[in-house]
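Residue numbers (the numbering used here): 45 to 407.
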């Protein structure tokens, strides 16, 4: 059923994507830097005409990397997509380090298959938007927390703090839930005392100061033309109304996003098929459990304005989903050790992922 039909029925389509708008905004901001000849914290917005309006929202780290490519003579479209692809590749390499601690080689194969072919991975792994930067920050932060749990040291701690700050300044709703992993690791290592150490207090203060400084920067820039886009107003906008969390349309949309874009019906069927056994296995992994609980909090806190309304905000679910899929496939394959089973499962994943990736990539 197309979008117009849903609107006629007074509802909203269960599957919708507006990433092209977001990509256009990012490209427009970088183009304004090209026009002025240098990067800055803010950017001119062409959609306000010749008013001279400037806007600052997220930390433009991705924009800065892309701008560097354009300075070297690379066209903006190529530079933007190239940077995202490069960030995807680096994220994939980091994920392999996570797999080594969480998965067997056989489980890693299936987890990688879903990560590579996931519609979200294909579509936003080359999009002109900072999603792959957020993905890289996420997997690096998780890997650092896992390493800190095994062998804590000052270098790893400040790596965690720095990654958290960068992630929050680039896209706070997609990263904030990862602090549950950080808190959990501190608790597992040292209990209550873990939150009172000097390095933890300094890290918390550093994070708060950075967030406060960026908030002041955006408010001073946006005051002239976007006074209603202050940091506090944006935060309230993302939180939305509590009643929104009770609206069925948002939960239906989240279900479709996760079913069709994050994974495939085949992947979810496999996970549900051996879900009880996989849950018992996963419970032994403290960091993964904290990650999954954090995602639940992510949905409850930010859901209606993020993962329930925009496909690209479902990227935080991708890596944990790949872990569950990898473990499930090996469990099922042990009971169905036939060559045709493997080929059929691969065909099912490919057949489910590519059409939905094409949907997200449509002009």
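All C-beta atoms in this analysis are idealised placements derived from N, C-alpha and C, irrespective of residue type, glycine included. As the structure is a computational prediction, the values presented were derived from the model and not from experiment.
Taken atom to atom, the span from the alpha-carbon of residue 77 to that of residue 306 is near 34 Å. Boundaries of the alpha helix (DSSP H) harbouring residue 325: 319–326, taken from the DSSP string. A distance below 8 Å separates the beta carbons of residue 350 and residue 217. Judged by DSSP secondary structure, residue 135 falls within the alpha helix (DSSP H) whose first and last residues are 120–146.
8 Å or more divides the Cβ of residue 154 from the Cβ of residue 326. Three or more Cβ pairs closer than 8 Å define a contact, and the segment 289–296 meets that threshold against the segment 334–353.
Beta-carbon to beta-carbon, residue 250 and residue 99 are separated by about 27 Å, too far to satisfy the 8 Å threshold. Scanning 331, 197, 65 and 372 for the CA closest to the CA of residue 320 turns up 372. Boundaries of the alpha helix (DSSP H) harbouring residue 253: 242–266, taken from the DSSP string. Annotation for residue 139: 183 place their beta carbon closer than 6 Å to its own, counting only its chain and skipping 5 residues before and after. Our two residues, residue 242 and residue 402, have alpha carbons roughly 50 Å apart in a direct line. Taking 8 Å as the cut-off, the beta carbon of residue 366 is found closer than this to the beta carbon of residue 159.
Linking residue 107 to residue 317 through their CA atoms gives a straight-line distance of about 43 Å. Non-local beta-carbon contacts of residue 131 in its own chain, meaning distances under 6 Å to residues more than five positions away in sequence, involve 176, 177 and 180 in chain order. Nearest to residue 334 by C-alpha distance, out of 230, 352 and 279, is 230. Fewer than three pairs of CB atoms, one per stretch, sit closer than 8 Å, so the segment 196–212 makes no contact with the segment 143–154. Linking residue 164 to residue 142 through their CA atoms gives a straight-line distance of about 20 Å.
Per the coordinates, the alpha-carbon of residue 82 lies some 19 Å from the alpha-carbon of residue 127. Closest by C-alpha distance to residue 104, out of 65, 240, 87 and 267, is 87. Sequence-distant partners of residue 121 (beyond 5 residues in either direction) whose C-beta falls short of 8 Å from its own C-beta, in its chain, are 71 and 172.
In the three-state DSSP reduction, residue 99 falls in the strand class (E or B).
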